[in-house]
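See structure below.
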Amino acid sequence: MTIYATVDDLGEFLLPAYLAKAEEISPGITEKSLAAVCREIDEVLLVAGYAEPVAGSIPESLRRIAAVMAAYRTLGAITSLIKSGGENNNEFFALQRQFNQATKDLAAIREGRLSLPLQKLSVDREESAVGSAVIAPQPIFSDLENRF
120 MTIYATVDDL GEFLLPAYLA KAEEISPGIT EKSLAAVCRE IDEVLLVAGY
170 AEPVAGSIPE SLRRIAAVMA AYRTLGAITS LIKSGGENNN EFFALQRQFN
220 QATKDLAAIR EGRLSLPLQK LSVDREESAV GSAVIAPQPI FSDLENRF
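Those letters in the sequence shown? Residues 120 to 267, per this note's numbering, in order.
Structural data, given as structure tokens:
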């Protein structure tokens, strides 16, 4: 799993006091949320045809997506206020909008509508079969192979 953002990055989108309170209520929730988001981004990049893990520096767009989604999920794990309506007087309104945009951006990456400065896989995805490869062990009794 590639780490696309750090706990410190979440502080750009959510006050540190909220992160501290989330950790007080549910120890480890921030790291769990961040790890889950990073795994989700890894899956999206693979579906989109990018090489994983990401080598070198993390693109800023992925760092932002990971930080926003993890901040939203961390806060959402301890309060239902994060999911309440989109009223302008809601103090989490900005985070809600950023989360919605991050989700749209991740979907655009998955669908190939948003490109990233990352290395693409060399396999032509149109020609490759969708599914899994089956690898079987070598037969133990090779002389039985020719009997059937």
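Every residue gets a Cβ at the ideal spot worked out from N, C-alpha and C, and that includes glycine. From a predicted model like this one, the values you see are computed outputs, not experimental measurements.
Assumed close pair R182, D128 - CB separation to whole angstroms, cut-off 8 Å: That belief holds up - the Cβ atoms of R182 and D128 are roughly 6 Å apart, short of 8 Å.
Can you list the alpha helix (DSSP H) stretches of 4 or more residues lying completely in the segment 175-236, in chain order? Correct list: 179-195, 212-230.
With 16 other CB atoms within 10 Å as the buried threshold, where does A192 fall? Rather than Ala, the amino acid found at residue 192 in this sequence is Arg. Under a 10 Å Cβ-count criterion, R192 is classified as buried, with 16 or more other Cβ atoms of the shown protein chains found around its own Cβ.
Using a Cβ-Cβ cutoff of less than 7 Å, which residues in the same chain neighbour C157 once the five nearest sequence positions on both sides are dropped? Correct list, in chain order: M120, T121, I122, Y123, A185.
Delimiting residues of the alpha helix (DSSP H) encompassing I148: 148-166 is the span of the alpha helix (DSSP H), which, as asked, contains I148.
Are the C-beta atoms of Q238 and some chain D residue less than 8 Å apart? You won't find chain D in this structure, because it holds only one protein chain.
Is the beta carbon of T149 less than 8 Å from the beta carbon of E143? At a Cβ-Cβ threshold of 8 Å, T149 and E143 do not count as neighbours.
For the segment 214-222 against the segment 163-170, are there 3 or more C-beta pairs whose distance is under 8 Å? No, because fewer than three Cβ pairs between the segment 214-222 and the segment 163-170 fall closer than 8 Å, the two stretches do not touch.
Quick check on the burial criterion: 16 or more other C-beta atoms within 10 angstroms. Buried or exposed for L138? The residue in question, L138, is buried, as its Cβ has 16 or more Cβ neighbours within 10 Å.
What would DSSP say about Y123, mapped onto helix, strand or coil? Looking at Y123 - three-state DSSP - the assignment turns out to be coil, as it is neither helix nor strand.
Could you tell me which of E131, K140, K239 sits nearest to I197, measuring between CA atoms? Ranking the options by Cα distance to I197, first place goes to K140.
Quick one, which of L194, L235, R232 has its alpha-carbon nearest S152's? The shortest CA-to-CA distance from S152 to any of L194, L235, R232 is the one to L194.
Since P178 and L237 should fall inside the 8 Å C-beta cutoff, what is the C-beta to C-beta distance between them, to a whole number of angstroms? Confirmed, Cβ separation roughly 7 Å.
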